[in-house]
Structures are given as structure tokens and as C-alpha cells.
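Asker: Chains as they are written, first to last, in my numbering: chain A, 1 to 331; chain B, 1001 to 1331.
Each residue gets a CB set at the ideal place from its N, CA and C atoms; glycine is no exception.
For reference, the structure I am asking about is given below.
2 protein chains.
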Amino acid sequence: MSRITMEDVAREAGVSRALVSIAYRDAVGVSDATKAHIIDVGTRLGYVPNRIAARLASKNVDTVGVFLQDLHNEVFADVFDGIRDIIDDSDAQLVLAVGRIDGSGDAAAIRALFESRVDVIIAAGLMMTDSEVRAVAQGTPLISVTRDVPGIDSVCADDVAGGTIATAHLIESGHTNIVFLSNPQTQGYQGRQRGYLEAITAAGLEPRIVPVTYDRHDAEVAAGLIVDSPHPPTAFFAHNDQTALGVLDAIVLRGLRPGKDIAVVGYDNTSLSQAPVIALTTVDPHSIELGRSAARQALTRMADAAGDAAAEARVSIVHEPTLVARASTAR
Amino acid sequence: MSRITMEDVAREAGVSRALVSIAYRDAVGVSDATKAHIIDVGTRLGYVPNRIAARLASKNVDTVGVFLQDLHNEVFADVFDGIRDIIDDSDAQLVLAVGRIDGSGDAAAIRALFESRVDVIIAAGLMMTDSEVRAVAQGTPLISVTRDVPGIDSVCADDVAGGTIATAHLIESGHTNIVFLSNPQTQGYQGRQRGYLEAITAAGLEPRIVPVTYDRHDAEVAAGLIVDSPHPPTAFFAHNDQTALGVLDAIVLRGLRPGKDIAVVGYDNTSLSQAPVIALTTVDPHSIELGRSAARQALTRMADAAGDAAAEARVSIVHEPTLVARASTAR
DNA sequence: CACATAATCTAGAGCGCTCTAGTTAGTATT
DNA sequence: AATACTAACTAGAGCGCTCTAGATTATGTG
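As C-alpha cells, then:
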């Protein structure tokens, strides 16, 4: 274990501990020459600053906690990329916590973030209910990304609009029997469903909503049952790309051709959907950009928590999603 | 911010600070009644223990740092799942750091882990050279997972064997012109290539190795060029599933059929390759199991760092990979 | 050259917790 | 009833850093 402390460096360099601290933090108050000397001695001794101690001692170490729902869903990787873009350019620290696909790890992950005394939390894809989120956010500012939580700072795409353009795209292509695959477990992706409903009813069509679990294989099975039913739809709109992939699986397994025989639309525009083998039509919520916005908002919240500017009211940033048409909806 | 400290709880509960500490840590030395009372007062006040302070004060808070190379590659999600399986059952803490796809974030991520004073680091997919890894591991035990680093505890699949069975599978299927798509940037996936070479030369065939970058689109372009070349191979063996997907893209874009016209084998058995739409033949390194092994080894290292049992020599755990044959290599 | 001003540097009091050593009370042993 | 335990609890010294207030030295100015 690294046993070298700031004290050791100070003694060896012949200066006070405080000066070593100043030097290592790039703060003002040390001459260039002394600073160089201190850093030099430090590296020679193999000194590694102890961030734990620094965090304890200082009120000014900005740290943002990031919660990612599921590492297996690439959306969260995209969001994280965006967050990092911004945070790397600030001098804030990042602390990461990840949930479990079924949502069972959310509370524990958020608690861990709290116990690490982060100044602000960016949560991507929390599965709890709105009120649970609000309850948990007590004290530390919480920014929800990819999901709008009333009462909480939120950064997300306009999912209702996204659901509408996806459905409208299908309707324009001549489909009249369109099934929406919803996710009952995930609180907060209701917007996509609402958008679907709006577009469907506006067109005077009959909505068909089927709930599926988060698991892609389950989605395949569920979609398969629907395809095999007496009145199979000609198009599916899945609440996310993962589920859409399951639908493609079901279609392919039955010897049918996505796009030609049955149209499929996903949501998220993960890099997967872009692959020519998949070529999934999908709604792009611009996840990276969402991550960036969320990170900027996080930085803002930290700033006005530091200076005691009256905490602004809840902020809701909504990005406009765009449709990306690919082969899965091309005849 | 949560301003309530242990002191506050102690005062309110009418006990000493130390007793609150004992109660909250589930340690022995407090009666059940008092403990219940303390916890009760604590929750009423909204007390959240400060793990930062705990870490500083205690020598006995086990924390394992996990480095994941790239959130966009699902292998790392699998490895992480395995790690968490084990760590969740211990009472160690997990600290996560993630790199960047091009390896540029590795050093910074590892440094952050060091500065967080983790007791042991599990690194999945480090892109540095072996000696850089060894240099960085000074002091803190470092366990490399998915990659064998000489001199460092490593948990990985037998990549040479993996490369061999993949190539042998292709040869048995009658292929004689097999291209291996290597990744020159990633140190340490050389085993897969070596396995390929062994199988190829054992069969008296001509090796063809083409380097591609980590980017899937680049892989598609590179594979495309090879397919369009005068003597296109009848089979590709890609160093990982991501790259294999790029190959599938190139094949599909040319109106060819994977499996039928050109065979493709990947490596990692990510959930993606299992999807019927993709149906990629691949080598399964049993990533989750690798994660579990690595975590167990991490726990062991921490234990013998605590008790001053003579630190054992370097441990290398090798799992046997298995071939998963799917449609991408079926005529 | 005395005095102000700025630039460096230091002392030492915390940050919120854990942990060792010790005190006090409660129960058992002979 | 004296002794020995054990269980329950407390005091206080850190952990390695940051930060405020003050000391010291260097620089400028009329």
C-alpha cells in the first residue's frame, strides 16, 4: 500500500505540509520553483495524493455521482460518454454506480452515491416511481436523464413526440395494424407509449399495446406469439432498441423478412441499430447530447449550491428526437 | 446537503459517538436495545453515514476498484456482472472507473482508483503494454481480467486455445482461405492470433492477418476491402464480436449471405452474437465466470494483505473457452 | 530609507469517522 | 462477600488532507 503521505513529502522537501497541498492542487500561493521542487520530491518518493482525505477535508471538491441503470444497454454508455465530455473539461470528480437490469439495485446504488457524499447525482434510467425518486433526492440535487420526473431536474428527449413520429412513420408507410411493445417495469417510458396512442387515435386506428419484460429473449417470445396470432400486425413499435432486436429475432426465426414482411421500429438509436445487419429504424433521442446537457445542469447545480444563490426552481430540458429510417421499415 | 453527523445522532440519542459508530457498523459491543434506539434516532434525524470519513479513519474498509475498458463493448458488462456477484456477497465496497474506447483514458482511470485508495484493483481490458501495467501496479495488488499480463495476477480464458478451436472449426468446415482480423491497438489479445496461427500452420495453410482498429465501422470497411480483393477469403475470424459484427455488415452490404457465402467467427459470445438476427459463431470465454474468478482473487489478495501472510506469488487463472457454433458458419 | 503592498510560506484547527485503551456496571464463581 | 469475568459503554487520539489566519520575506515607492 502507498504509505507515503503529504507529511513525508513536506519533510523531504523541507517545506510545510500546507505548501505541498497547495502545490499538488495547482492552487495559488507557491512559487514556480518551489512547486517544481515539491512535485519533484513527491514523484521521487512515489507520493500519490489521497483523494479520500482531500474529500473529507475540503468543502470544495466537486464530485458528481452518476447512476447508470444497466451496462448491457448501450444507451447508458452513450449517455455516459456525453456526461464525461463535459465533466472532463471541468475539474469535478466522477463517481459511478450501476444498477441491475431489473431495477433491484437502484436504491442501493443511489445510497452508495449518497454515502460517498457526492454534490450532485445524475441518474440515467432510474426504475423507481416518481415519488420514490423525489424521496431519495432529499438533500442532494438529483438530475434525471432520459426520463422526466416531475419535481426533479430532468433532461430527456420528448418521448411523446418520439412515439408519435415513429408511429406516424409506420402509418405513412401504410400500416394500420401496429403493435406497441411497452415496458411495464420501467417507470417513465410512458411518453413513448403516449406518443404512439396519440398518433394511432389521430389516424383513427385501433391501438394494440403488449407489455414485455426488459429481457430481449422474452421480447422475442412475446413478439413471436403476436406474430403467430390470428391477426398478426404488419408493424411493431418497440419501446427501445433492445426490445426491437427481440422482435427482429422473432421475425427472422419465422423465416420472415424485417421491413418486407413486418416492419419494426425501435427507440434509442444505439450503435447496434445502425449496423447494416440490423438496419433498424429507430428514434434517436440523441443520448450523448442528453448526457452533455445533464452534466452541464449538474455543474450549474453545484455552482449555485456553493455560492448560496437561491436554488432555482426545477429545470426540465427537453431535446427533440429525430426519426432514423432504415431497412426495417422499408418495403 | 446532509449536515447531520454521527455526533448529532450521539447527542440526540444520549450516547457516545463511538457507540453510534458501533451500532451503524453492525459491530459487537452494543446491546440490542441501545442499537435499535440509536438507529431509530439516526433515521429520524435523516442521518446518512459518511463513507468518505469512514474510509479515511479505518484501515479495515475493504474496497475493490474495478476498471472497465469500454462501456460500449458488452464483454465488460458481463465481466462486471461476475465481479458484482462475488463482491455483493462480501462486505467490500466497489469503486468503478471506466476507460475510453481508444485506451486514452486508461492511465487516468487507474490513477483515480489509486487516489481513491482502493485495496485492490481488478482491471478488465487494459490497453497499456505489459510493462506499463506492471509499473502502474506498484503498491496496490492489480488483477488483470480477460488478459494475461506476465508478472501480474491474471484471470482469463485460454485465448490461444480459443483461437485454435475457432480456426479449427473453420478448417473442418472446409475453409482454406481464412483471414484473421487482429487488433494492433489492444495489447494482450495476441493469444487469439497465436491460436489462429497454430491451427492454420498445423493444417498447412497460409495465414492472412489483417489489422483493424477498434471501431466497428472501420472493421466493416476493412473487411469490405478484403472481400472485394482479387482473392477473397471464404472465412473470417475476428478477434472479437464487435469486429465480427463489422464483418457481417460488410458481407450483408454486398448482398452476400453470412454462413452461406462467407463464414464468420467472432470472440466473446456477447449477448449480441446470440441474437438470431446475428447468429454469430463465436468463442465463449465465459466472461461472467472470469469476472467471478477475478473478484474471488481480489478478495483473497485483500485478505492476505490484511493479515500479513507472505504475499503469494503471482496467480494466473485460465478458463477453458468453448466454441459456440451458429448460423454464421453454417452452409 | 522607512513604509506599504504583495508574494510566499507556516501553524494548527478541523473534516466525520474508527479504534484502542479504559471505565463502569452486571453477572457468575468460590 | 470478595474476586473474576464479561458485557456495555466512553474518551480521545488519530486517518491525510484543506484552509484560515498569521508570520516572513521580497518588491516597490515617494
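Using 10 angstroms around the beta-carbon of N269 (chain A), count the other beta-carbons present and answer buried if the total reaches 16, otherwise exposed.
Answerer: For the purposes of this step, residue 269 (chain A) is taken as the residue at position 269 of the first sequence. Label assigned to N269 (chain A): buried.
Asker: Which stretch, first to last residue, makes up the alpha helix (DSSP H) that contains A1123 (chain B)?
Answerer: Your numbering for residue 1123 (chain B) matches position 123 in the second sequence. Not the alpha helix (DSSP H): A1123 (chain B) falls in the beta strand (DSSP E), residues 1120 to 1124.
Asker: Taking C-beta to C-beta, are V283 (chain A) and P321 (chain A) nearer than 8 Å?
Answerer: Numbered from its first residue, the first sequence carries residue 283 (chain A) at position 283. Numbered from its first residue, the first sequence carries residue 321 (chain A) at position 321. Yes.
Asker: Using only the heavy atoms of the ligand MG, determine whether one of them is closer than 7 Å to the beta carbon of A1330 (chain B).
Answerer: Ligands are entirely absent from the displayed structure, and the ligand MG is therefore not among its contents.
Asker: Give me, in chain order, the residues of the same chain whose beta-carbon lies closer than 7 Å to that of K35 (chain A); leave out the 5 immediate sequence neighbours on both sides.
Answerer: Here residue 35 (chain A) refers to the residue found at position 35 when the first sequence is read from its first residue. Counting only Cβ-Cβ distances below 7 Å, and skipping sequence neighbours, we find A23.
Asker: Short of 6 Å in beta carbon distance, which residues of its chain neighbour N1050 (chain B), apart from the five on each side in sequence? Order them along the chain.
Answerer: In the second sequence, residue 1050 (chain B) corresponds to position 50, counting from 1. So the list is empty, once near-sequence residues are dropped.
Asker: Pull out every residue of the segment 64 to 90 of chain A whose Cβ sits closer than 7 Å to any Cβ of chain B, in chain order.
Answerer: Going along the segment 64 to 90 of chain A in chain order, one finds L71, H72, E74, A77, F80 with a Cβ nearer than 7 Å to chain B.
Asker: Are I1083 (chain B) and A1294 (chain B) close, meaning C-beta to C-beta below 8 Å?
Answerer: Taking the first residue of the second sequence as 1, we reach residue 1083 (chain B) at position 83. Taking the first residue of the second sequence as 1, we reach residue 1294 (chain B) at position 294. The answer is yes: Cβ separation under 8 Å.
Asker: Which same chain residues end up closer than 7 Å to M1001 (chain B) when comparing Cβ atoms and leaving out the 5 residues on each side of it in sequence?
Answerer: Here residue 1001 (chain B) corresponds to residue number 1 of the second sequence, with the count starting at 1. Model confidence at M1001 (chain B) stands at a pLDDT of 49, short of 50, so the residue's coordinates are unreliable; what they give is reported in the following sentence. Counting only Cβ-Cβ distances below 7 Å, and skipping sequence neighbours, we find nothing.
Asker: Short check: CB of Q1190 (chain B) to CB of F1180 (chain B), under 8 Å?
Answerer: Translated into the one-based positions of the second sequence, residue 1190 (chain B) becomes position 190. Translated into the one-based positions of the second sequence, residue 1180 (chain B) becomes position 180. The answer is no: Cβ separation not under 8 Å.
Asker: Under 8 Å, Cβ to Cβ, is there at least one residue of chain A near L1142 (chain B)?
Answerer: Sequence index remark: in the second sequence, residue 1142 (chain B) carries index 142 (1-based). L1142 (chain B) does not count as touching chain A.
Asker: Which same chain residues, not among the five before or five after V149 (chain A), have their C-beta less than 6 Å away from its C-beta?
Answerer: Taking the first residue of the first sequence as position 1, residue 149 (chain A) is located at position 149. Closer than 6 Å at Cβ, skipping near neighbours: D130, V133.
Asker: Among all the DSSP beta bridges, which residues are the ones paired with G65 (chain A)?
Answerer: In the first sequence, the residue the question calls residue 65 (chain A) occupies position 65. G65 (chain A) is bridged to A:V95, A:I121.
Asker: How would you write the range of the beta strand (DSSP E) that A1263 (chain B) sits in, first residue to last?
Answerer: To locate residue 1263 (chain B), count along the second sequence from 1; it is residue 263. A1263 (chain B) -> beta strand (DSSP E) spans 1263 to 1267.
Asker: What's the gap between the Cα of V264 (chain A) and the Cα of A244 (chain A)?
Answerer: Within the first sequence, the letter at position 264 stands for residue 264 (chain A). Within the first sequence, the letter at position 244 stands for residue 244 (chain A). Taking the straight line from one Cα to the other gives about 7 Å.
Asker: Using beta carbons (cut-off 8 Å, strictly below), is R337 (chain A) in contact with chain B?
Answerer: In the structure displayed, chain A extends from 1 to 331; residue 337 (chain A) sits before or after that span and is not available.
Asker: Which complete beta strand (DSSP E) runs does the segment 1149 to 1234 of chain B hold, if anything under 3 residues is left out?
Answerer: The qualifying runs are 1153 to 1157, 1178 to 1182, 1208 to 1211.
Asker: Report the residue ranges of all alpha helix (DSSP H) runs contained in full by the segment 1011 to 1073 of chain B; include only those spanning at least 4 residues, in chain order.
Answerer: Listed in chain order, the complete alpha helix (DSSP H) runs (minimum 4 residues) inside the segment 1011 to 1073 of chain B are 1017 to 1024, 1032 to 1045, 1051 to 1057.
Asker: Under a Cβ-count criterion, where at least 16 other Cβ atoms within 10 Å of its own Cβ denotes burial, should H231 (chain A) be classed as buried or exposed?
Answerer: For the purposes of this step, residue 231 (chain A) is identified with residue 231 of the first sequence, where counting begins at 1. By the 10 Å Cβ count, H231 (chain A) comes out exposed.
Asker: Does the distance from the CB of P1211 (chain B) to the CB of V252 (chain A) come in under 8 Å?
Answerer: Against the second sequence, residue 1211 (chain B) aligns to sequence position 211. Against the first sequence, residue 252 (chain A) aligns to sequence position 252. Not in contact: P1211 (chain B) and V252 (chain A) (Cβ atoms no closer than 8 Å).
Asker: Does DSSP put I288 (chain A) in a helix, a strand or coil?
Answerer: For the purposes of this step, residue 288 (chain A) is identified with residue 288 of the first sequence, where counting begins at 1. Reduced to three states, the DSSP call for I288 (chain A) is helix.
Asker: The alpha helix (DSSP H) that contains S1131 (chain B), what's its start and end?
Answerer: Residue 1131 (chain B) sits at position 131 when you count from the first residue of the second sequence. Element bounds for S1131 (chain B): 1130 to 1136.
Asker: Quick one: any contact between the segment 1010 to 1017 of chain B and the segment 1026 to 1042 of chain B, if contact means 3 or more CB pairs under 8 Å?
Answerer: Cβ pair count under 8 Å is three or more, so yes.
Asker: For P276 (chain A), decide whether its Cβ has a neighbour in chain B, counting only Cβ atoms nearer than 8 Å.
Answerer: Taking the first residue of the first sequence as position 1, residue 276 (chain A) is located at position 276. Chain B, which has a Cβ nearer than 8 Å to the Cβ of P276 (chain A), makes this yes.
Asker: Per DSSP, A238 (chain A) forms a beta bridge with which residues?
Answerer: As a position in the first sequence, residue 238 (chain A) is number 238, starting the count at 1. DSSP output for A238 (chain A) lists A:L181 as bridge partner(s).
Asker: Pick from B:T1063, B:I1052, B:A1057: whose alpha carbon is nearest that of S58 (chain A)?
Answerer: The count along the first sequence starts at 1 and reaches residue 58 (chain A) at position 58. When only C-alpha atoms are compared, the closest one is B:I1052.
Asker: In the DSSP output, what is P258 (chain A) paired with across the bridge?
Answerer: Indexing the first sequence from 1 puts residue 258 (chain A) at position 258. DSSP lists A:I262 as partners of P258 (chain A).
Asker: State yes or no: is the beta carbon of D284 (chain A) nearer than 8 Å to at least one beta carbon in chain B?
Answerer: Start at 1 with the first residue of the first sequence, and residue 284 (chain A) comes out as number 284. With 8 Å as the cut-off, D284 (chain A) does not count as an interface residue toward chain B.
Asker: Going by C-alpha distance, which of A:I101, A:V95, A:M128 is nearest V120 (chain A)?
Answerer: For the purposes of this step, residue 120 (chain A) is taken as residue 120 along the first sequence, with counting starting at 1. V120 (chain A) has its Cα closest to that of A:V95, out of A:I101, A:V95, A:M128.
Asker: Measuring CB atoms only, is the segment 1098 to 1112 of chain B touching the segment 1152 to 1170 of chain B, in the sense that at least three cross pairs come out at less than 8 Å?
Answerer: Result no; under three Cβ-Cβ pairs closer than 8 Å.
Asker: Between I1226 (chain B) and chain A, is there a C-beta pair that is closer than 8 Å?
Answerer: The sequence position of residue 1226 (chain B) within the second sequence is 226, counting from 1. It does not; no Cβ of chain A falls within 8 Å.
Asker: Which residue comes first and which comes last in the beta strand (DSSP E) that contains I1317 (chain B)?
Answerer: Looking up residue 1317 (chain B) in the second sequence gives position 317. Counting along the chain, the beta strand (DSSP E) containing I1317 (chain B) begins and ends at 1316 to 1319.
Asker: Can you tell which of A:P207, A:L323, A:P285, A:V61 has the C-alpha that lies nearest to the C-alpha of R78 (chain A)?
Answerer: Indexing the first sequence from 1 puts residue 78 (chain A) at position 78. The question names Arg, but residue 78 (chain A) in the sequence shown is Asp. Of the listed residues, the one whose Cα sits closest to D78 (chain A) is A:P285.
Asker: Starting from the beta carbon of S271 (chain A), find every residue of chain B whose beta carbon is closer than 8 Å, and list them in chain order.
Answerer: Counting from one through the first sequence, the residue named residue 271 (chain A) turns up at place 271. Per Cβ cutoff of 8 Å: H1072, R1216.
Asker: Using a C-beta to C-beta distance shorter than 8 Å, which residues of chain B count as neighbours of D249 (chain A)?
Answerer: The count along the first sequence starts at 1 and reaches residue 249 (chain A) at position 249. By Cβ distance, chain B contributes A1275, P1276, V1277.
Asker: Alpha carbon to alpha carbon, how far is L1045 (chain B) from M1006 (chain B)? Give it in angstroms, no decimals.
Answerer: What you label residue 1006 (chain B) is simply residue 6 of the second sequence in a count that begins at 1. What you label residue 1045 (chain B) is simply residue 45 of the second sequence in a count that begins at 1. Whole-angstrom Cα-Cα distance: 10 Å.
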